[in-house]
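Visitor: Residue numbers (this note's numbering), protein chains in the order written: chain A, 14 to 373; chain B, 14 to 373. Backbone N, C-alpha and C fix where the C-beta goes; we use that ideal spot for every residue, glycine too. Fair warning: this is a prediction, and the values are worked out from it, not measured in the lab.
There are 2 protein chains.
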Amino acid sequence: MADWHPTAYRTHTLGEIQERGADLVGKEVTVCGFMEANRGKGAICFVDLRDGTGKLQVFLKGDAIGEESLDVVQRMTRESTLQFTGIVAQKRPPKLKEGESPPPPAYEVVANGVEVLTRANVPLPLGITDTVSIGLDTRLDNRFLDLRRAHVNAMFTLRARVLQYGREHLISEGFKEINTPKIIASASEGGTNLFPMMYFDTPAFLSQSPQLYKQLAVLGGMERVFEIGPAFRAENHDTYRHLNEFISFDIEAAWMTDEDVMGVQERMIHHIWKCVAENDQEHIDTVNEYRASQELEPISVDVPSLPFPRIDYCEAIQMIQDAGEEIQWGDDIDSSHCDIIAAKYPGFHFLPRWPMEMKP
Amino acid sequence: MADWHPTAYRTHTLGEIQERGADLVGKEVTVCGFMEANRGKGAICFVDLRDGTGKLQVFLKGDAIGEESLDVVQRMTRESTLQFTGIVAQKRPPKLKEGESPPPPAYEVVANGVEVLTRANVPLPLGITDTVSIGLDTRLDNRFLDLRRAHVNAMFTLRARVLQYGREHLISEGFKEINTPKIIASASEGGTNLFPMMYFDTPAFLSQSPQLYKQLAVLGGMERVFEIGPAFRAENHDTYRHLNEFISFDIEAAWMTDEDVMGVQERMIHHIWKCVAENDQEHIDTVNEYRASQELEPISVDVPSLPFPRIDYCEAIQMIQDAGEEIQWGDDIDSSHCDIIAAKYPGFHFLPRWPMEMKP
């Protein structure tokens, strides 16, 4: 669990109170968050508060917090940011049917003070907890709100974990992280379009790969290096396999064959999937709650077995020909062909050993 | 210790044999490396071999390896890459003077096979183990050889550690890693020059900061985020405080004051220095061996105490005025002024709370 350190705005995160509630009962805390909803019109009010670590209910009573503050909160717009001070309490357990076992204890904050940090405009351009679909334009025009939706936020968290676990694995195999220049004087890989630019008075390009720099580092005795950073490709394609700017996991190592390099890759992917399966199921569940609301199949983290299948180029060509496609030895294997291969090998697999003439 | 995994080219790294030599004595290994030197002209030869993990002596005897192979190695150029197969043996302990305690056991490989992977051209444009100074042009024109010099290589290793420890600390405080676009449509920070470029038919710029994207992520409920990535600044300055392309540690967090942010920074720096001091002294020693050869003072890793001093802008202006400089409240504090402050506060320190008008 992260060590959040108290800040001037709050003593605890909501996640800490959920997790360590039993230790905190009776203690005064100050918390901050976005208001998802409030309920209760009379002398009491319940607020569903959310920060980046979790959710918590805040309970307000007019006689404890004052009628004026109660009124402010009751009239507050959703997604406003609020700061509450109050006492941690165990929530009243739910009524159980006969034979039902009680859920684990849950906690709330009974407020004695509130501060409005920002009031959200109404109406919101998109709902944070609604399950209705939202157009992509609306999402991108209001990305800060889109990101607050639980499944979108969870995907960014999972992405951060992939970076963390991938790096962790590479370092465990002796790889050292480097950063290579992104403004370069000439192309480092053939066959890929470059973005031209001016470096003051000198023509230059954006780097499409750390290739030459990685090789230089390895020739320089750095043994094993990696970079996780942006690469730029001025390809005028509009497919889900092309991006003009992307983050690449790029490795280079001394004294390895293609088989050794595939070994690094498959062990890294295995480590990442294994760690996600062990540590991050809550974020997968969050994504699946959304998917269920959209009547989509749930995703699952299936840790791949090692080694991944190696499908030689020759075998791949045969497989594509067997599926009735026009392809000859020496041709490129395009994405529709990959789908044919994926039908037989649905998990991770390698397609090594292409004809030398294609990538001289 | 890293798990290096054997490759098609070698079963062990030189570092592994140094470290686990006692377990490996009598076992056959295959190793690769750069040849730093060879000694012995007759029926025997000693090779100093170096890879990215350490150094090892390889011992060759004509009757074990064959006269022809021995001759090849004896005529081999320095910095060629060689592969040796042989048996791990404990080196004969050095002769001791009376009362001298014996050094820890050291290991070597007694070769029974050699493969020349690449032969280095002669003469080398720069020496790898020489202590003579080399001009910057020669170093940059032959950067792969320059990097093989122990102290240069050590600095890249230390740099990789700083990235690792810094990330580790930020993750421990709940920060999630993000990557933000580097091709952007408009400036994200005022007052800094941008590199213009064309994104296909659209004018664009290289990003000078992840600022707006980080803020968007935090407003999106990601709570605490960081990016370690390139930033581009088209500033026409030639000082050691300006770089046109650099890697920034960039953080953003919800519900923090300037004091809280300084806390994150100083704890991170403290953690990095502490880890370097605990784990990486060997690399500092390598740098200092070089520095000693150049009659330079050794560097040391002094773990800074917490908190770092905060020097208010007003106090800083006073200090600079006291040193006899012409400066008024509201002026910028330039690098020569910083040197005056550093004379009194030689360690890490903050200069917070500048007049709002300077950075509106």
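List in chain order: all unbroken beta strand (DSSP E) runs of 3+ residues lying wholly within the segment 69 to 128 of chain A.
Guide: Segments of the beta strand (DSSP E) lying fully in the segment 69 to 128 of chain A: 94 to 103.
Visitor: Take the Cβ of Pro19/A as the centre, count every other Cβ of all protein chains shown within 10 Å, and call the residue buried at 16 or more, exposed below.
Guide: Position 6 of the first sequence, counted from the first residue, corresponds to residue 19/A. With fewer than 16 Cβ atoms within 10 Å of its Cβ, Pro19/A is classed as exposed.
Visitor: Out of curiosity, what's the CA-to-CA distance linking Asn134/A and Gln70/A?
Guide: Against the first sequence, residue 134/A aligns to sequence position 121. Against the first sequence, residue 70/A aligns to sequence position 57. Approximately 22 Å between the Cα atoms of the pair.
Visitor: Which whole-angstrom value describes the C-beta separation of Cys45/A and Leu83/A, a residue pair presumed to lie in contact below a C-beta threshold of 8 Å?
Guide: Numbered from 1 along the first sequence, position 32 holds the residue referred to as residue 45/A. Numbered from 1 along the first sequence, position 70 holds the residue referred to as residue 83/A. The Cβ separation is near 19 Å, so there is no contact.
Visitor: Mind checking whether Val85/A and Val42/A have CB atoms under 7 Å apart?
Guide: For this step, residue 85/A is matched to residue 72 along the first sequence. For this step, residue 42/A is matched to residue 29 along the first sequence. It is not a contact, given that the beta carbons lie outside the stated cut-off.
Visitor: Is Val129/A near Phe97/A, with beta carbons less than 7 Å apart?
Guide: The residue labelled residue 129/A in the question sits at position 116 within the first sequence. The residue labelled residue 97/A in the question sits at position 84 within the first sequence. The answer is no: Cβ separation not under 7 Å.
Visitor: According to the Cβ coordinates, are His182/B and Val300/B closer than 7 Å?
Guide: Within the second sequence, the letter at position 169 stands for residue 182/B. Within the second sequence, the letter at position 287 stands for residue 300/B. No.
Visitor: Should Cys288/B go down as buried or exposed, given a rule of 16 or more other Cβ atoms within 10 Å for buried?
Guide: Against the second sequence, residue 288/B aligns to sequence position 275. The residue in question, Cys288/B, is buried, as its Cβ has 16 or more Cβ neighbours within 10 Å.
Visitor: Which residues in the same chain as Ile312/B place their Cβ atom closer than 8 Å to its Cβ, once the five residues preceding and following it in sequence are excluded?
Guide: To locate residue 312/B, count along the second sequence from 1; it is residue 299. These residues qualify, in order along the chain: Ile297, Val300, Asn301, Arg304.
Visitor: Tell me the residue span of the beta strand (DSSP E) that contains Thr215/A.
Guide: Here residue 215/A is taken as the residue at index 202 of the first sequence, counted from 1. Run containing Thr215/A: 215 to 219, per the beta strand (DSSP E) assignment.
Visitor: Under 9 Å between beta-carbons, which chain B residues line up against Met89/A? List them in chain order, please.
Guide: Position 76 of the first sequence, counted from the first residue, corresponds to residue 89/A. Within 9 Å Cβ-Cβ: nothing; Met89/A doesn't reach chain B, min ~17 Å.
Visitor: Taking just the CA atoms, how far does His284/B sit from Arg180/B?
Guide: What you label residue 180/B is simply residue 167 of the second sequence in a count that begins at 1. What you label residue 284/B is simply residue 271 of the second sequence in a count that begins at 1. About 10 Å.
Visitor: Which stretch, first to last residue, makes up the alpha helix (DSSP H) that contains Tyr226/A?
Guide: Residue mapping note: residue 226/A aligns to position 213 of the first sequence, counting from 1. Per DSSP, Tyr226/A belongs to the alpha helix (DSSP H) from 224 to 230.
Visitor: By Cβ distance, which residues of its chain are closer than 6 Å to Asp325/A, with the 5 residues on each side in sequence left out?
Guide: By one-based count along the first sequence, residue 325/A stands at place 312. Excluding residues within five positions, the ones whose Cβ falls inside 6 Å are Arg366.
Visitor: Shorter than 7 Å from the beta carbon of Pro156/A to some beta carbon of chain B?
Guide: The residue you call residue 156/A lines up with position 143 of the first sequence. Before going on, a small fix: residue 156/A reads as Arg here, not Pro. It does: the Cβ of Arg156/A has a partner Cβ on chain B nearer than 7 Å.
Visitor: Taking Cβ-Cβ distances shorter than 9 Å, what residues in chain B pair up with Glu22/A?
Guide: Your numbering for residue 22/A matches position 9 in the first sequence. The amino acid at residue 22/A is misidentified as Glu; the sequence shows Tyr. Ordered by position in chain B, the residues that pass the 9 Å Cβ test against Tyr22/A are Ala267, Trp268, Met269, Thr270, Asp273.
Visitor: Counting along the chain, where does the beta strand (DSSP E) carrying Phe245/A start and finish?
Guide: Translated into the one-based positions of the first sequence, residue 245/A becomes position 232. Start and end: 237 to 245.
Visitor: Ends of the alpha helix (DSSP H) at Ser261/A?
Guide: Stepping through the first sequence from its first residue, residue 261/A is reached at position 248. Not the alpha helix (DSSP H): Ser261/A falls in the beta strand (DSSP E), residues 258 to 266.
Visitor: Kindly give me the distance between the Cβ atoms of Asn206/A and Glu248/A, rounded to whole angstroms, as I take these residues to be in contact under 8 Å.
Guide: The residue labelled residue 206/A in the question sits at position 193 within the first sequence. The residue labelled residue 248/A in the question sits at position 235 within the first sequence. Between Glu248/A and Asn206/A the Cβ distance is about 5 Å, and since that is below 8 Å, they are a contact.
Visitor: Rounded to whole angstroms, what's the CA-CA distance from Phe72/A to Val60/A? Just pull it up for me.
Guide: Position 59 of the first sequence, counted from the first residue, corresponds to residue 72/A. Position 47 of the first sequence, counted from the first residue, corresponds to residue 60/A. Spanning the two alpha carbons is a distance of roughly 7 Å.
Visitor: Would you decide whether Asp251/B is buried or exposed? Buried here means 16 or more other CB atoms lie within 10 Å of its CB.
Guide: Here the question's residue 251/B lines up with position 238 in the second sequence. By the neighbour-count rule (16 or more Cβ atoms within 10 Å), Asp251/B is not buried but exposed.
Visitor: Which chain A residues sit within Cβ distance under 8 Å of Ala15/B?
Guide: Counting from 1 along the second sequence, the entry for residue 15/B is found at position 2. Residues of chain A passing the Cβ test: Ile184, Ser185, Glu186, Gly187.
Visitor: Since Gln70/B meets chain A, which of its residues come closer than 9 Å, beta carbon to beta carbon?
Guide: Translated into the one-based positions of the second sequence, residue 70/B becomes position 57. Going along chain A, no residue has its Cβ under 9 Å from Gln70/B, so there is no contact; the nearest lies around 18 Å.
Visitor: Report all residues from its chain with a CB closer than 6 Å to the CB of Ile197/A; omit the five preceding and five following residues, and keep chain order.
Guide: Working through the first sequence from its first residue, we reach residue 197/A at position 184. If we look at Ile197/A and ignore the five residues flanking it on each side, its Cβ neighbours are Phe218, Ser220.
Visitor: Give me the residue from Tyr226/B, Val277/B, Val38/B, Tyr358/B with the minimum Cα distance to Lys104/B.
Guide: Taking the first residue of the second sequence as 1, we reach residue 104/B at position 91. Among Tyr226/B, Val277/B, Val38/B, Tyr358/B, the Cα nearest to that of Lys104/B is on Val38/B.
Visitor: Rounded to the nearest angstrom, how far is the Cβ of Phe47/B from that of Glu92/B, given a contact under 8 Å?
Guide: Indexing the second sequence from 1 puts residue 47/B at position 34. Indexing the second sequence from 1 puts residue 92/B at position 79. The pair is a contact, with the Cβ atoms about 5 Å apart (cut-off 8 Å).
Visitor: Name the chain B residues whose beta carbon is nearer than 7 Å to that of Gln331/A?
Guide: The residue given as residue 331/A occupies position 318 in the first sequence. Residues of chain B passing the Cβ test: none, with the nearest at roughly 27 Å.
Visitor: Excluding the five sequence neighbours on either side, which residues of its own chain have a C-beta within less than 7 Å of the C-beta of Thr24/B, listed in chain order?
Guide: Your numbering for residue 24/B matches position 11 in the second sequence. So the list reads Val42, Thr43, once near-sequence residues are dropped.
Visitor: By the 9 Å beta-carbon criterion, what residues does the segment 230 to 257 of chain B contribute toward chain A?
Guide: Taking 9 Å as the Cβ-Cβ cut-off against chain A, the residues of the segment 230 to 257 of chain B that qualify are Ala230, Val231, Leu232, Gly233, Gly234, Met235, Glu236, Arg237, Val238, Ile241, Gly242, Pro243, Phe245, Ala247, Asn249, Asn257.
Visitor: Which residues in chain A have a C-beta closer than 8 Å to the C-beta of Thr66/B? List them in chain order.
Guide: As a working mapping, residue 66/B is identified with position 53 in the second sequence. Simply Gly187, Glu236.
Visitor: Comparing alpha-carbon positions, which option in Gly234/A, Pro136/A, Gly53/A, Val277/A lies nearest Ala167/B?
Guide: Position 154 of the second sequence, counting from 1, holds the residue named residue 167/B. That would be Gly234/A, whose Cα lies nearest to the Cα of Ala167/B.
Visitor: Go ahead and pull the three-state DSSP assignment for Arg280/A.
Guide: If you number the first sequence from 1, residue 280/A lands on position 267. Residue state, collapsed to three classes: helix.
Visitor: In this structure, what does DSSP give as the bridge partners for Pro368/B?
Guide: As a first step, residue 368/B must be located in the second sequence, where it is residue number 355. DSSP lists no partner for Pro368/B.
Visitor: How far does the beta strand (DSSP E) with Ile57/B in it extend, from its first residue to its last?
Guide: The residue you call residue 57/B lines up with position 44 of the second sequence. That run of the beta strand (DSSP E) goes 57 to 64.
Visitor: List, in order along the chain, the chain A residues whose C-beta lies closer than 7 Å to that of His18/B?
Guide: As a position in the second sequence, residue 18/B is number 5, starting the count at 1. Chain A residues near His18/B: Glu186, Gly276.
Visitor: Output yes or no for whether 7 Å exceeds the beta carbon distance between Ala267/B and Val231/B.
Guide: As a first step, residue 267/B must be located in the second sequence, where it is residue number 254. As a first step, residue 231/B must be located in the second sequence, where it is residue number 218. For Ala267/B and Val231/B, yes; Cβs fall inside 7 Å.
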